[in-house]
Amino acid sequence: MEDGTSCAPGSEKVTEEWIPVCRMTRDVLDRIGDKWSLLVINLLDGHTRRFMDIRRAVPDISQRMLTVTLRHLERDGIVERTAYPTVPVTVEYCLTPLGTTLIHSVNGLVRWSAEHEREIVAARSTYDARLEEPILLQPRDRAARLSG
């Protein structure tokens, strides 16, 4: 890219301009890579839904976790929350225009994962077979274990 935000293949170091982009990318991946966000984003693609409709459609999500997930997505501008003055209050959620632009990228990642599932599973099996103890820790746990 011409704006200095790309790290060319074979580059020996990350440029100063790239660091903020990496931070934002990590933030976005943390958000959409959590346990529930992708499911909620996918469910809202092209639809406006009430809270309980989302909860019924997402298996095993608790009310608290759905609330937290929706708040995070709303904070990041991906989901819009609309409350109507009814008794009881009716609350609906939909993707914002920004959230809608995310769908194409997310679907690409989902397709890539599905297309390469066998290769990923085989690579993990090969890697784990070389270790005494398979890596079952979450990424943050691994980082803490390596630094501690």
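Here the working numbering is used: the first residue of the sequence shown is 50, the next is one more, and so on.
The C-beta atom is built at its ideal place from N, Cα and C for all residues, glycine as well.
These numbers come from a predicted model, not from an experiment.
Beta-carbon proximity of residue i to residue j, cut-off 8 Å
i: residue 118; j: residue 161; result: no
i: residue 127; j: residue 92; result: no
i: residue 81; j: residue 155; result: yes
Rounded Cβ spacing between residue i and residue j (contact assumed at less than 8 Å)
i: residue 104; j: residue 112; result: 6 Å
i: residue 78; j: residue 107; result: Not a contact, Cβ separation roughly 20 Å.
i: residue 141; j: residue 98; result: 7 Å
i: residue 90; j: residue 148; result: 7 Å
Residue burial classification, residue i (beta-carbon count within 10 angstroms, cutoff 16)
i: residue 115; result: buried
i: residue 157; result: exposed
i: residue 95; result: exposed
i: residue 144; result: buried
i: residue 180; result: exposed
At 4 residues or longer, and completely inside the region 66-136: list those alpha helix (DSSP H) runs for me, N to C.
67-81, 86-93, 100-106, 112-124
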